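Engineer: Residue numbers (the numbering used here): -7 to 148. In this text, a Cβ means the ideal position worked out from N, Cα and C, and glycines have one as well. Predicted model, so just to flag it, every value in this text is computed and none were measured.
#1: Can you check whether the CB of residue 50 is closer than 8 Å to the CB of residue 86?
#2: If we count Cβ pairs, one from each stretch, closer than 8 Å, do we get three or more for the region 29 to 40 versus the region 99 to 108?
#3: Can you round the beta-carbon distance between residue 46 and residue 90 to whole angstroms, since I take them to be within the 8 Å contact cut?
#4: With DSSP collapsed to three states, give me the class of residue 138.
#5: Could you check where the beta strand (DSSP E) with residue 68 kicks off and where it finishes?
#6: Find out if the Cβ-Cβ distance for the pair residue 43, residue 118 is shorter than 8 Å.
The structure is reproduced here in structure tokens:
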């Protein structure tokens, strides 16, 4: 005996089949640990740090913007004749599945013309733009120069 479950069952079966046949969505880059070291003196640039983990495919970080800064540049630290120097970069390769670290003494964002009203504990919205056209928005915690120099561990 053949049983029919009616039109609702047919729709459920068709929906399940289409979901199973749908292509997997590619995983993009992920960001963690974002913070910005506020400038020690008014008018000086701030520095942004975070860890960026590459997605399913390699990409290249090419720009960053924020409504709280006039402009943001990508920077690295390089040794030149025994002296560590900061250098503006046009981008950073983000290998698939690998971590790209932006930390004090290494790669970082330089935030120029930062909103003078920002204080420690505030959140700074930032958007990263990649060569593929993808974007990644996040909020970075603003930290005082003294707190940032000690990893931001209050009371330690």
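Structural biologist: The relevant details are as follows:
#1: Along the chain shown, read from residue 1 onward, the residue named residue 86 stands at position 94. Along the chain shown, read from residue 1 onward, the residue named residue 50 stands at position 58. Going by C-beta atoms, residue 86 is nearer than 8 Å to residue 50.
#2: yes
#3: Position 54 of the chain shown holds residue 46. Position 98 of the chain shown holds residue 90. With a Cβ gap of about 5 Å, residue 46 and residue 90 count as contacting.
#4: Here residue 138 refers to the residue found at position 146 of the chain shown. Residue 138: helix per DSSP, three-state reduction.
#5: Taking the chain shown and counting its residues from 1, the one referred to as residue 68 is at position 76. Here the beta strand (DSSP E) through residue 68 covers 63 to 72.
#6: In the chain shown, the residue the question calls residue 43 occupies position 51. In the chain shown, the residue the question calls residue 118 occupies position 126. Not in contact: residue 43 and residue 118 (Cβ atoms no closer than 8 Å).
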